[in-house]
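Notes follow once the structure below has been shown.
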Amino acid sequence: MKITARGLPASDAQVYSEVAQLLDRRAAMRHPPFSLTVSDSVALGIARLFRSTSLSGEVLDRFAAGGSVDSDELVEAARFEQGYASAEGYAALRCLVLWVHHRTHRAEQRSAQAG
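Residue numbers for the sequence shown follow this note's numbering, so the first one is 20 and each next one is one higher.
Here is the structure:
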């Protein structure tokens, strides 16, 4: 499924602040809902932080630039980058994966209701 985010990428400080708040909120819940995720601008900001000339970095770059990317490709790129990221970067990339899962889950629900 193709996925995009609206808006401008959040600043580094906004990314890490929202990621920390989100993870604290999710940790306080026994079963956090799919809908509890970062904003579109933070999802774009996370991708911007990890863009590079590598294959996974190019996927993140296309997404950060406002392009449409395959959701599975975006998750795969984020998970690959987690292997090289700091603890904070790993957490941010995890939040990006959660954001993708929420978006795909929501789109699947909408198509099931329409069909």
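Yeah, the Cβ is synthetic: ideal placement off N, Cα and C, and Gly gets one too.
Quick caveat: nothing in here was measured; it's all calculated off a predicted structure.
Non-local beta-carbon contacts of residue 91 in its own chain, meaning distances under 7 Å to residues more than five positions away in sequence, are absent. In the DSSP assignment, residue 90 falls within the alpha helix (DSSP H) that extends over 90 to 101. For residue 35, the closest of 49, 74, 113 by C-alpha to C-alpha distance is 113. Using a 10 angstroms sphere on the CB of residue 80, the tally of other CB atoms reaches 16 or more, which defines it as buried.
If you ignore the 5 residues before and after residue 124, its C-beta comes within less than 7 Å of the C-beta of 53, all in its own chain and listed in chain order. Look at the region 50 to 80 and you find these whole runs of alpha helix (DSSP H), each 4 residues long or longer: 59 to 68. A straight-line Cα-Cα distance of about 26 Å links residue 95 and residue 48. Apart from sequence neighbours up to five positions away, the residues of its chain that approach residue 57 with a beta-carbon distance below 7 Å are 37, 38, 41, 114, 118, ordered along the chain.
Of 103, 46, 31, the smallest CA-CA separation from residue 73 is found for 103.
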